[in-house]
Each structure stands twice: as C-alpha cells, then as structure tokens.
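*Asks:*
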Amino acid sequence: MDHREKSRMQEDSGKVQGWDIILDDLTAGYGKQHVVLERINATIPAGKITVILGGSGCGKSTLLRHIIGLSKPLGGSIRIGGHDLFALKSETFRQLRRQMGVLFQDGALLGSLTVADNVALPLSEHLRLSKKVIAKEVRRVLSMVELDEAAGLFPHELSGGMRKRAGLARAIIANPRILLCDEPTSGLDPITAARMDALLLSMHRRFPEMTIVCVSHDLQSLEQIAEHVIVLKDGACLFCGNLIDLQSSRHPYLVQFLARDGGEGTLECGATMQPEVAEALARWLRS
Amino acid sequence: MSFWDICTRIGRNMRYRVDALGAFALFLLSGLRHIFDSRRILPRTLRQLYVIGCQSLFVILLIGIFCGMVLGLQGYYTLVSFGSVGLLGSAISLTLIRELGPVLTAIMLTGRAGSSMTAEIGVMRISDQIDALDVMDINSMAYLVSPRLLAALISYPLLTAVFDVIGIIGGYLTGVLMLGINEGTYFYRIESSVTMADVEGGFIKSVVFALLVTAVCCYEGYMTHKRRDSMGPEAVGTATTEAVVASCVLILAADYVLTSMLL
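Chains as they are written, first to last, in the working numbering: chain A, 11 to 297; chain B, 115 to 377.
(1) What do you get for P347 (chain B), buried or exposed, if any count of 16 or more other CB atoms within 10 angstroms of its CB means buried?
(2) Looking at S230 (chain B): is its Cβ nearer than 8 Å to the Cβ of T274 (chain B)?
(3) Alpha carbon to alpha carbon, what distance is there between M345 (chain B) and G39 (chain A)?
(4) On the DSSP bridge assignment, give the partners of M110 (chain A) in chain order.
(5) Write down every uninterrupted run of the alpha helix (DSSP H) in the segment 200-281 of chain B whose length is 4 residues or greater and which is fully enclosed by it, in chain order.
(6) So, does the CB of I188 (chain A) fall closer than 8 Å to a CB anywhere in chain B?
(7) Do S207 (chain B) and V308 (chain B) have their C-beta atoms closer together than 8 Å?
(8) In this structure, does DSSP put K99 (chain A) in helix, strand or coil?
(9) Taking 7 Å as the cut-off, is the C-beta of S169 (chain A) nearer than that to any heavy atom in the ligand COA?
(10) Note down the Cα distance separating T352 (chain B) from L223 (chain B), rounded to an integer number of angstroms.
(11) Which runs of the beta strand (DSSP E), 3 residues or longer, sit entirely within the segment 218-243 of chain A?
(12) For G136 (chain B), report the span of its beta strand (DSSP E) as first-last.
(13) Which residues, taken in chain order from the segment 65-81 of chain A, show a beta carbon closer than 9 Å to some beta carbon of chain B?
(14) For V125 (chain A), name the three-state secondary structure that DSSP assigns.
(15) For F249 (chain A), write down the residues that DSSP places opposite it in a beta bridge.
(16) Cβ of P194 (chain A) within 8 Å of Cβ of M110 (chain A)?
(17) Compare the C-beta of H136 (chain A) against all C-beta atoms of chain B and say whether one is closer than 8 Å.
(18) In terms of residue numbering, what span does the alpha helix (DSSP H) encompassing E159 (chain A) cover?
(19) What number of angstroms, rounded off, separates the C-alpha of V132 (chain B) from the C-alpha of L214 (chain B)?
(20) Between which two residues does the beta strand (DSSP E) containing S87 (chain A) stretch?
(21) Under the rule that 16 or more other beta-carbon atoms within 10 Å means buried, what is R107 (chain A), buried or exposed?
(22) From this set, B:I166, B:L247 and B:W118, which residue's C-alpha is nearest C331 (chain B)'s C-alpha?
(23) With 16 as the cutoff for other CB atoms within 10 Å, does C68 (chain A) come out buried or exposed?
(24) Leaving aside the five residues before and after V237 (chain B) along the sequence, list all residues of the same chain whose C-beta is less than 7 Å from its C-beta, in chain order.
(25) For L168 (chain A), go through chain B and note every residue whose CB falls closer than 7 Å to its CB, in chain order.
(26) Whose CA, out of B:L247, B:L218 and B:A360, lies closest to the CA of F180 (chain B)?
(27) Does DSSP put E356 (chain B) in a helix, in a strand, or in coil?
(28) At least one CB of chain A closer than 8 Å to the CB of A246 (chain B): is that the case?
(29) Please list, in chain order, all residues of the same chain as F317 (chain B) whose beta carbon is under 6 Å from its beta carbon, the five residues on each side excluded.
(30) May I have the straight-line CA-CA distance separating M310 (chain B) from V112 (chain A), to the nearest angstrom?
(31) Check distances from the C-beta atoms of the segment 93-123 of chain A to those of chain E and list, in chain order, the residues that come in under 9 Å.
(32) Shortest alpha-carbon distance to L268 (chain A) belongs to which of A:H227, A:L152, A:E147 and A:I188?
(33) By the three-class DSSP mapping on this structure, what secondary structure does L293 (chain B) have?
(34) Identify the residues that DSSP records as bridge partners of I32 (chain A): which are they?
(35) DSSP three-state call for G197 (chain A): helix, strand or coil?
(36) Does DSSP put L63 (chain A) in a helix, a strand or coil?
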C-alpha cells in the first residue's frame, strides 16, 4: 500500500486531523536539472512541534518554501486541511496561507520599518482597526518575545537573536494555525538559543492547536522541542516519526547524525603547502 | 562548437529575451492595476514622492541651470555669425521644452532615484523580505511597485517643468547678463515661439519616460533572484547597472519614437 492510499484511508477513518500537513510524493527543486527533494512522503501532525532535520544542503529550507507555497513542486502534492495547496484557486490559496505564520532565517524584517511597524504589518494591512488598538496588540506580542524595549528600533540596530524574536512576533501576531520556522536557533549563542526553544515551547503550551514546524540541524534544540521528527538525507525522507523512535533507530546515518560522529572519512589537515606558496607567504608576512 | 549548437544557443537566448519581455509587460500592467485597487497607496506614494521628487530637486536645479547656460553660450556664438542673436530665447526654450528637459530629467532621475529603487527592491528580494510580504498576504507589487510608479508619474513631469524653467533662466544668465542680448527680445522670442503643443509634447515624453524608467528599475530589482549571470549581493549590483543602462537606452529610443510621432 503506498503512502497516498494510507493517508486517504487514515482520512476516511477520521484519524487525520484537519490541519495535518501531508507531503505526498513531493518532488521539488529548481528546474528539472536540479532536483533537491525526490518523492517525499511524510505527514506533519497538527497541534505538534515537528522538527525537519538533516545535513546542510539536504533540502530542508526548500521543503519549507514549498509548504509555505513560495515555490511550486515539480511533482506530487502538499495537502493542508484536506486541500491540495497547489491545486487551489488563487483566492482560496491566499485564505489558506493567512493561517500560516513564517519566521524566516534572518527574520526578514522590512528594513525601512521599525520593529513595532514590522510586527504590526499583518494587522495594519488587512484589518480596519485603530492605530491605538494595533499598538496595544503589538506591545502584547513584543512582550511575549521580550522585545518591549526594542519596539522603536530599526532591524539593522538589532542583534541576530533579537531579529529572530521580532520575526517570530510578526509571525504570530495574526494568530496563525501553522507556524513555520526556518532555523530559529542557527547563529545564536547557547543561552539565546535555549531561550528561543523555551519561547517556542511556551507558545506551544499557550496555543495547543497551533502546528509548529521548525527546520533545524541543532540537536540540542531537537531534544528540547521536538514531538515529531522528519529526517531528510540526499533529497529523500529517511525518517518520519516521534523523537523516541528516532533516538532508538539503528539506521547507520541516524545513529551517526545523532551522535555527531564525523565517521571514518574524517578530514585531516595532512597535505603540506606548495613550497613556492609558503615562500611567497613568508615574504608577504615579513614585508 | 557545431553550427547546430550555435543555432540552439541563439534560439534559447532569443526565447529567454522574449519571455523576459512578456514578463516585463505583465509586471508593468500589474503595477498599474494595483494603483487603483491598493488600499493604502496614498501614504506610500507620498513617501516615494519625497524620495523621487524632493530629494532629486537639487540635482535637477543644478543640471538645469548649467544646461541652460551652456545652451546660451553655444547658441549665442552660433547665431551671432548669422546675425540673428535675437533668436537665442527661441532656440534655448524650444530645445529645453521639446527635448533636453524631458530627456535629461529622466536620465538624471534614472541615476539618482531609479538605481536606488533597483538596489532597494533587489536587497529586499535576496533577504526574503518580499517573500515575507507575500506570506503575510500583502501584495508585494501593490506594496513596492505601484506607489513608485504613481510617484514617478507625478514627479517626472513636475521636475521636467522645473528643469525647463531653470534652464531658461540659465540661458538668460549667459545670453542677457553676460553676453548682452536685450532682455525684452530674449523673453519675447520665448513667448512667441513656444506653443502649447511643445509643452504638451514635453509633458507626454516625461510621462512615458517615468513609466519606462520606474518599471525597468523596479522589474530588475524584483527579479534579482532570477538572474542567470550572478547571485546574492553581486546580483543586486548587476541588476542595478543593467537597470540604469536599459533605462537610458530606452529613454533615448522612446524619445526618437515620440519625437517622430509628435512633430
């Protein structure tokens, strides 16, 4: 029985919740010459924190871009709330995407707006609310991510961690059903990364219906937040299940990945520099 | 490389260019359409009016005055050999209003405002800011392109008018104050030779240039991620250069077409 039949049966028996994200034979890439993901079959369960894990360049961010609907797949489908994301009419597609909040890798805050204006954007653009009401809501969300003091600053005045938290505040202000985070802890120091994890967990407790999808290769973060894990390798889905199953897996790659083991082919700084380069370098350093 | 390979490459390149031309036309139409259906177009247009209009005013004044002064000098020494220096006012005003005003204003605005448009939108593209707008269901065309188009459509003709007036004053400085032409003759010739058709022609040109320059500059920035020759920050630089070059070529080509239609 293939995955499509399985998911259809699950749906029929009522096991699949409305906001599950179902990747069905998904093939994605940048033109047919550069396929990044090939026939991915996986389910991202609603109301859970799912971590998409994998080495650099394995297609994690590409997968996220497809779930958001920013790129169209080369084959297969992505179903959210029972709808094939790319078969929807433009208006329905937009309605569905309004249910998503996205934290981009570097926050993707608009450089010409302050943090407060960035966070207010989804409300001020779509709702006819007074400035006072929007400002109050922005303060509430900024206090959730501990950025009350930074409301008047511009993105270039923020640190990497602050930019990510501001991006998160903007992603959640419209109360989305699905929150997608692209490497929320990358480039952060251990303390800030731990605070980011704690923030995601507290959001999960506060909004239990929200589906949170994080793309990451941070193992500590994985252990802290993951309820469901998808592991990608060389464009294929190697594992899809819960964290305990992942940790007890005997698959060599998964064992190596989780143990942070460089393997036998460890790189060594063995080859010596060419003599003429060494000589030229020495002359340059003396000059 | 075989003959067949060369033909294939030329064909592929041609198809890419035709695709790009079609995409540009759709981009321009979409930008214009959102001028009418965007809810918050006014505040964004006001900001762009400040960037394109107010911030460019000084450069336009500077170029306009020197352009008029040079025209005054050249015109005087050409006309004096025919004994018709009295026509200097006509020569300067018609040259400025019909040709140099719209063309030089558009070229200056390409360098000052157009290049910054391409760079700003290009940086927004490569840093996921445009994707973020789309994900928030904010139409990036309505947010970024339409206000710039509208602001350009308003500010280009106004700046062209400023350029024309200041150029005529520049001609007055050299022709009347420095070289001694009669002041009354200078202004009488302007009044008698410039018709409303000349002013309308200059206005039409400036509107067409505004559309072309802004659309090309916004398009190059918006499509930075689809460039085949470069990526990332380098693509922003390449897109900016290409936008300025393409805009200048288009201004001169469109000027020829419009002049032949208006004469």
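We treat Cβ as the ideally placed atom computed from N, Cα and C, and that holds for glycine.
*Replies:* So, to answer that:
(1) With fewer than 16 other Cβ atoms within 10 Å, it is exposed.
(2) Their beta carbons are not under 8 Å apart, which means S230 (chain B) does not touch T274 (chain B) by this criterion.
(3) The alpha-carbon atoms of G39 (chain A) and M345 (chain B) are separated by roughly 17 Å.
(4) For M110 (chain A), which the question treats as bridged, DSSP gives the partners A:I188.
(5) Segments of the alpha helix (DSSP H) lying fully in the segment 200-281 of chain B: 202-208, 215-223, 229-240 and 243-249.
(6) At least 8 Å separates the CB of I188 (chain A) from every CB of chain B.
(7) In this structure, V308 (chain B) lies closer than 8 Å to S207 (chain B) by Cβ.
(8) Coil.
(9) Absence of the ligand COA is noted for the structure shown, with no ligands found whatsoever.
(10) Inter-residue distance for T352 (chain B) and L223 (chain B) is about 19 Å (C-alpha atoms, whole angstroms).
(11) Within the segment 218-243 of chain A, the complete beta strand (DSSP E) segments of 3 residues or longer fall at 221-226 and 238-243, listed in chain order.
(12) Note, G136 (chain B): premise wrong, no beta strand (DSSP E); alpha helix (DSSP H) at F117 to D151.
(13) For the segment 65-81 of chain A, which is checked against every Cβ of chain B, the residues closer than 9 Å are R75, I78, G79 and L80.
(14) It is helical.
(15) Beta-bridge pairing links F249 (chain A) to A:V241.
(16) No.
(17) H136 (chain A) counts as touching chain B.
(18) E159 (chain A) -> no alpha helix (DSSP H), and no H or E assigned at all.
(19) Approximately 32 Å, taken between the alpha carbons.
(20) Element bounds for S87 (chain A): G85 to I90.
(21) With 16 or more other Cβ atoms inside 10 Å of its own Cβ, R107 (chain A) counts as buried.
(22) C331 (chain B) has its Cα closest to that of B:I166, out of B:I166, B:L247 and B:W118.
(23) C68 (chain A) is buried by the Cβ-count criterion.
(24) For V237 (chain B), where only same-chain residues beyond five positions count, the Cβ hits under 7 Å are V350.
(25) Those within 7 Å of L168 (chain A) in chain B number zero; the least Cβ separation is about 14 Å.
(26) That would be B:L218, whose Cα lies nearest to the Cα of F180 (chain B).
(27) Residue state, collapsed to three classes: helix.
(28) Chain A contact via Cβ: present.
(29) Sequence-distant partners of F317 (chain B) (beyond 5 residues in either direction) whose C-beta falls short of 6 Å from its own C-beta, in its chain, are P271.
(30) Roughly 55 Å separates the two Cα atoms.
(31) You won't find chain E in this structure, because its protein chains are A and B.
(32) Nearest to L268 (chain A) by C-alpha distance, out of A:H227, A:L152, A:E147 and A:I188, is A:H227.
(33) Reduced to three states, the DSSP call for L293 (chain B) is coil.
(34) Bridge partners of I32 (chain A): A:T53 and A:R89.
(35) In the structure shown, G197 (chain A) sits in coil (DSSP, three-state: anything other than H, G, I, E or B).
(36) Strand.
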